[in-house]
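**Q** Top to bottom, those sequences are chains A and B.
Here the first sequence stands for residues 3 to 227, numbered as in our numbering.
Here the second sequence stands for residues 3 to 310, numbered as in our numbering.
All C-beta atoms, glycine included, are put in the ideal place defined by N, C-alpha and C.
For clarity, every value in this text was computed on a predicted model and none was experimentally measured.
I have a structure I would like to understand better, so I am pasting it below and will then ask my questions one at a time.
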Amino acid sequence: MQTLDMADIELREMNATLHAQAENTNQTAWEIKNPRGAHAIACGLDAPIEVTVKGSTGYYCGGMNKQATINIKGSAGPGVAENMMSGTVVIEGDASQYAGATGHGGLLVIKGNASSRCGISMKGIDIVVHGNIGHMSAFMAQSGNLVVCGDAGEALGDSLYEARLFVRGSVKSLGTDCVEKEMRPEHLEILADLLERSGADAKPEEFKRYGSARELYTFKIDNAY
Amino acid sequence: MCGIVGLFLKDKSLEPQLGSLLAGMLVTMTDRGPDSAGIAIYSNETKDQSKIVVQSDTPKTDFDGLEVALANASGVTVGMEVSSTHAVLSVPNGAIDAVRTAIAAVNPALRIMSRGDTLEIYKEVGLPKDVASRFAIDVMSGSHGIGHTRMATESAVTTMGAHPFNTGNDQCLVHNGSLSNHNSLRRKLRREGIHIETENDTEVGAAYLTWRMQNGATLGEALESSLTDLDGFFTFVVGTKDGFGVVRDPIACKPAVMAETEQYVAFGSEYRALVDLPGIETARVWEPEPATVYFWSHSEQPIKEEAA
């Protein structure tokens, strides 16, 4: 286990040390102490390492992640795992607004609640929230899966493209062009896998699926250039 | 951007540290806005006395003999303590309006920062650390306070454009965000006879709350109606003689984090602002909901959360 203590080193040195880890590094386990809500912790990683942040983080923790597993033993500020490409980010506490925004791949697990705009414009990332999510989540979400074990706030999935949304609890309101859809066996299979990988104590049958009705302007072929 | 902080103490033993805790929180938020900074502190209620804080760019000449001139003009006793560009005037209860009139007559160039029984507002152009040290905020004691560091978007970087804004006796407001209907609302409020000094959007927000409360609304009601009458982005933290409140607009783009322990309730634009508070490791930390009024008070029941 390598330890980086942010009481001793600057943020840039900490990130540079993690960036220097190659594909075949032997130093695979890293611990970051004293994060104290700092911004951009463990951003832009691209190696199969496991980083554990011992506390709460500020803006953009784990942003642009590739390959790495990042555990946050606290809560995460705005934009956690923004534009993640692959790998895993697990948050023990809550996540602030736009968690997993624009993410292309990988798995984001939020064990507490996520606030507004969770998974906004997601492009292939899988997000599992054990608690609730706030308003405008999955706005313009293009692909990937958003799983919510609790409740969803207002305007879920507004202007949605092809992302799948699974909610176990209540949905305060659906956004424009977002509708409830039939849960088919292949969806239950996806859900079961995501629930298991994220350690969520929920059954796939308890969820409802929501997706795009494909009625907006963008879906009309006559509007194509 | 802008950074805002607030600290409401439940544990009296922390009161001597209020200034240093609050200043520390605000300095941490410096990179959210370096233009100007201010702190409102509720402290030292003196029996039968109220306070008016005035500001001058030329304190040496303006404050020289000011208390005598104001006493002569108003007919009441006026005490004065100068702190850099600010002076705290102590006046008998009920004499605030008479002394304000006297200030306008004696030296119209003086700017009134705050008025009330316990409220003192200190604000200037500059970094939080410079503003805090200029007024020796870190040695101030008090029961609660709020602070602001500004990244100006809607109006000029001046002392009067700095936050907190005084909205009435012992009431003040800090704002992170930008109001988009402040021009039309300013015209409307001016027609209603509300005094608005600058072109600043937050001053209009503060004046709006004042106007609502002058017309019989409680602070909670005024905050709730602000959700419909104010257009734009805002996270507000308001201070009153007994407590402080938080409200975010329904879109809630502007960040907010709160923490509560047995000893205090704290607000920060970011979690970073809270990390040096005692016992933060075990505090309940959460993000306030959009369009919801939160209020903590020393005098009433400890917590009110009202979905607007």
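By a C-beta neighbour count over all protein chains shown, 10 Å radius and 16 as the cutoff for buried, is Arg286 of chain B buried or exposed?
**A** When all chains shown are included, Arg286 of chain B counts as exposed.
**Q** Does Ser172 of chain A have its Cβ less than 8 Å from a Cβ in chain B?
**A** False, the Cβ-Cβ gap to chain B never drops below 8 Å.
**Q** Give me, in chain order, the residues of the same chain whose beta-carbon lies closer than 6 Å to that of Gly81 of chain B; leave out the 5 immediate sequence neighbours on both sides.
**A** Contacts found: Ser92.
**Q** Counting contacts by CB-CB distance shorter than 8 Å, is Gly79 of chain A in contact with chain B?
**A** Chain B, which has a Cβ nearer than 8 Å to the Cβ of Gly79 of chain A, makes this yes.
**Q** Which residues of chain B have a Cβ atom closer than 7 Å to the Cβ of Ser58 of chain A, listed in chain order?
**A** Result: Tyr273.
**Q** Between B:Cys255, B:Ala138 and B:His300, which has its C-alpha nearest Ile123 of chain B's C-alpha?
**A** Out of B:Cys255, B:Ala138 and B:His300, B:Ala138 has the C-alpha closest to the C-alpha of Ile123 of chain B.
**Q** Give the interface partners of Arg38 of chain A over in chain B, defined as CB-CB distance under 7 Å, in chain order.
**A** Result: Arg274 and Val277.
**Q** Just how far apart, CA to CA, sit Val295 of chain B and Arg250 of chain B?
**A** Going by the C-alpha atoms only, they are around 8 Å apart.
**Q** Could you list which residues in chain B have their beta carbon closer than 9 Å to that of His137 of chain A, in chain order?
**A** Those within 9 Å of His137 of chain A in chain B are Pro252, Ile253, Ala254 and Pro292.
**Q** Using DSSP bridges, identify the partner residues of Val133 of chain B.
**A** Paired residue(s): none; Val133 of chain B is not in a bridge.
**Q** Let me confirm a value: Val131 of chain A is counted as buried when at least 16 other C-beta atoms fall within 10 Å, else exposed. Which label applies?
**A** So Val131 of chain A ends up on the buried side.
**Q** Using only CA atoms, which one of A:Ser98, A:Asn134, A:Lys113 and A:Asn147 lies nearest to Tyr273 of chain B?
**A** Comparing Cα-Cα distances from Tyr273 of chain B to each of A:Ser98, A:Asn134, A:Lys113 and A:Asn147, the minimum goes to A:Ser98.
**Q** What are the boundary residues of the alpha helix (DSSP H) that Thr30 of chain B is part of?
**A** Here the alpha helix (DSSP H) through Thr30 of chain B covers Leu20 to Thr30.
**Q** Considering only residues of the same chain and omitting the five flanking positions on each side of Ala78 of chain A, which have a CB-CB separation below 6 Å?
**A** The answer, listed in chain order, is Thr59, Cys63, Ile93 and Ala97.
**Q** Residues in the same chain with beta-carbon distance under 7 Å from Ala310 of chain B, minus the five sequence neighbours each way, listed in chain order, please.
**A** Model confidence at Ala310 of chain B stands at a pLDDT of 41, short of 50, so the residue's coordinates are unreliable and nothing is read from them.
**Q** Could you please give the first and the last residue of the uninterrupted alpha helix (DSSP H) stretch that includes Phe65 of chain B?
**A** Segment Pro61 to Phe65, the alpha helix (DSSP H) holding Phe65 of chain B.
**Q** Taking Ser76 of chain B as the reference, which of B:Ala100, B:Arg189 and B:Val176 has the closest Cα?
**A** If we check each option's Cα against that of Ser76 of chain B, B:Ala100 comes out closest.
**Q** If you measure between the beta carbons of Ile43 of chain B and Met162 of chain B, is that distance less than 8 Å?
**A** Not closer than 8 Å, so no.
**Q** At the level of alpha carbons, what is the spacing between Tyr100 of chain A and Ser139 of chain A?
**A** Roughly 8 Å separates the two Cα atoms.
**Q** Taking only the alpha-carbon atoms, compute the straight-line gap between Glu208 of chain A and Arg170 of chain A and give it to the nearest angstrom.
**A** Looking at the two C-alpha atoms, the distance is approximately 6 Å.
**Q** Does any CB atom of chain A fall closer than 8 Å to the CB of Val287 of chain B?
**A** Yes, contact with chain A.
**Q** How would you list, in chain order, the residues of chain A whose beta-carbon sits under 9 Å from the beta-carbon of Pro280 of chain B?
**A** The premise fails here: Pro280 of chain B is roughly 15 Å from chain A at the closest Cβ pair, so nothing lies under 9 Å.
**Q** Taking the alpha-carbon positions, what's the Gln265 of chain B to Lys174 of chain A distance?
**A** Near 35 Å, if we compare the C-alpha coordinates of Lys174 of chain A and Gln265 of chain B.
**Q** Ordered along the chain, which non-local residues of its own chain (more than five positions away) have a Cβ less than 7 Å from that of Phe235 of chain B?
**A** Taken in chain order, the residues that qualify are Gly179, Ser180, Asp251, Ile253, Cys255 and Lys256.
**Q** With 16 other CB atoms within 10 Å as the buried threshold, where does Lys14 of chain B fall?
**A** Its Cβ having fewer than 16 others within 10 Å, Lys14 of chain B is exposed.
**Q** Is the separation between the beta-carbon of Leu13 of chain A and that of Trp32 of chain A shorter than 8 Å?
**A** For Leu13 of chain A and Trp32 of chain A, no; Cβs fall outside 8 Å.
**Q** Between the region 30-46 of chain B and chain A, which residues of the former have CB atoms less than 7 Å from a CB of the latter, in chain order?
**A** Listed by position along the chain: nothing, the set is empty.
**Q** Interface residues of chain B around Asp96 of chain A at Cβ under 9 Å?
**A** What Asp96 of chain A touches in chain B: Val287, Trp288 and Glu289.
**Q** By DSSP's criteria, Gly259 of chain B is part of a beta bridge. Which residues make up the other side?
**A** Note that residue 259 of chain B is Val in the sequence shown, not Gly. Note: Val259 of chain B sits in a beta bridge opposite B:Gly270.
**Q** Which bits of chain A does Pro130 of chain B rub up against, with CB to CB less than 7 Å?
**A** Within 7 Å Cβ-Cβ: nothing; Pro130 of chain B doesn't reach chain A, min ~17 Å.
**Q** With H, G and I counted as helix, E and B as strand and the rest as coil, what does DSSP make of Ser186 of chain B?
**A** The answer is helix: DSSP assigns Ser186 of chain B an H, G or I state.
**Q** Pick from B:Ser299, B:Asp50 and B:Ser301: whose alpha carbon is nearest that of Asn95 of chain B?
**A** Selected option, being the one with the closest Cα: B:Asp50.
**Q** Note down, in chain order, each residue of its chain lying with its Cβ closer than 8 Å to the Cβ of Leu28 of chain B, except the 5 sequence neighbours on either side.
**A** So the list reads Gly5, Val7, Ala39, Ile41, Pro130, Ala134, Gly149, His150, Thr151 and Ala275, once near-sequence residues are dropped.
**Q** Going by DSSP, name the residue or residues bridged to Ala39 of chain B.
**A** B:Glu126 and B:Thr151, per the DSSP bridge assignment.
**Q** To the nearest angstrom, report how far apart Gly218 of chain B and Ala224 of chain B are at their CA atoms.
**A** Using only the alpha carbons, I get a separation of about 9 Å.
**Q** Establish whether the CB of Ser161 of chain A and some CB of chain B are separated by less than 8 Å.
**A** So no, Ser161 of chain A is outside the interface.
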